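With my numbering applied, the sequence shown closes on residue 339, and no number is skipped along the way. Read through the structure below, which is laid out as structure tokens, and then see the notes.
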Amino acid sequence: MARRRFVDPLTKSEQQALTKAYHQSEKRALRRRAHAILMSDQGHTINQISDILQVRRDAVSRWLKQWETLGLDGLADKPRSGRTPILDEHDNQRLKEMVVEQPHQIRSLQARFQEETGKTVSTVTLRRALKKNDLSFKRIRHSLKARRNERDFRNTQGLLKALQQQEDEGEHELYYFDESGFSQSSSVPYAWSPVGSPCEVTAYSRSRRLNVLGFLSRAGKLVYHTTTESVTAETVIEAFDTFVAQKAPDTFAVVVLDNASMHRSIAFRRKIVEWMSHRVHLIYLSAYSPELNLIEILWKQMKYAWLPLSAYLSFDRLCNEVHRLLGGYGVLHAINFE
């Protein structure tokens, strides 16, 4: 009978290293070879291991020999030269410079690169090279940053941070106020669907609009006012009167709001002193700073995450779903601002 061959008994550290390689290695080949060594240590023969792993007997024998000679390093594949990269370091640097000039036109970038270097490169290769250079292809965003005063923005950031700290210490309640509209012609969210059969909702060129005026706190409180009419200064005043009426008389509240014309109107300003007498103080954000208004997060979540697609089937259903989300905020859904 032929002598059966096994690896020498493994030490505890060797067992741990092989087990880690078997369970965690990114390389399938290394995981399989580590498994083979562990099975040999447990008393499995070379024939049994080759049957279990569905490999040739001589491959298992070679793995055992490599383990005995070089340890775990002997089980890993050696680096291979592979194909010479199409793009060298200079090409990659030039690509980064060119994409700054034409960030959204991959075909134009491809043509310019070929003209300059004489290298024919597919758009797939270009995309892969740009990704390796820490560049990503995303939808361009509209931004108000260029129009705002950066110093005012930073000062407002600091003020809000101080107000949040004071709220945490129980000195006052802090609310963020804003208006948002919901209609059947609004942008619909992304959704999973079978390839070639995307989810569809009826397109409406015109739709009635449900306007929501909300006061949101980081503590999970939401006070809201809704209307299907156009939002005017009088509508905003009515919403603030409702907010003041529901507030506990002894509670001091700070309301953060933006600089919309309705919030700066003469009629609105005349009410500020009255609201202050009810311990409600208003803080205006610096101009063009929507990201500082935390209630914007609520509107985004409602429109793109929480509203079901069935809400867009009719305006009445949309109104019902919006009211359901608003009324259930803090129970059905909530936002963690920590």
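The beta-carbon is built from N, C-alpha and C at its ideal position, and this holds for glycine as well. Just so we're clear, the structure is a prediction, and the values are computed from it rather than from any experiment.
Its chain contains Gln-67, Trp-68 as the residues whose beta carbon lies nearer than 7 Å to that of Gly-75, once the 5 sequence neighbours on both sides are disregarded; these appear in chain order. Taking C-beta separations shorter than 8 Å and ignoring five residues to either side along the sequence, the partners of Val-189 in its chain run Val-202, Leu-310, Tyr-313, following chain order.
When the five nearest sequence neighbours on each side are left out, the beta carbons in the same chain lying within less than 8 Å of the beta carbon of Glu-235 are those of Ala-268, in order along the chain. For Glu-90, the enclosing alpha helix (DSSP H) covers residues 90-102.
Two segments are said to touch when three or more pairs of C-beta atoms, one from each, lie closer than 8 Å; by this definition the segment 32-48 touches the segment 59-66. Separation of His-226 and Val-213 (C-alpha to C-alpha, rounded to the nearest whole angstrom) is 6 Å.
Below 8 Å, enough C-beta pairs join the segment 287-296 and the segment 147-167 to call them touching: three or more. With distances taken between CA atoms, Leu-326 lies nearest to Gly-215 out of Gly-215, His-264, Val-100. For Lys-97, the CB contacts under 7 Å within the same chain, skipping 5 residues up- and downstream, are Asn-134 in chain order. DSSP, reduced to helix, strand and coil, places Asn-212 within a strand of the structure shown. For the pair Trp-193 and Pro-199, the Cα-to-Cα distance works out to about 8 Å. When the Cα atoms are used, Ser-278 and Ala-254 turn out to be separated by approximately 11 Å. Counting along the chain, Ser-278 sits inside no beta strand (DSSP E); it lies in the alpha helix (DSSP H) bounded by residues 267-278. His-36: member of the alpha helix (DSSP H) spanning 29-42, first to last residue.
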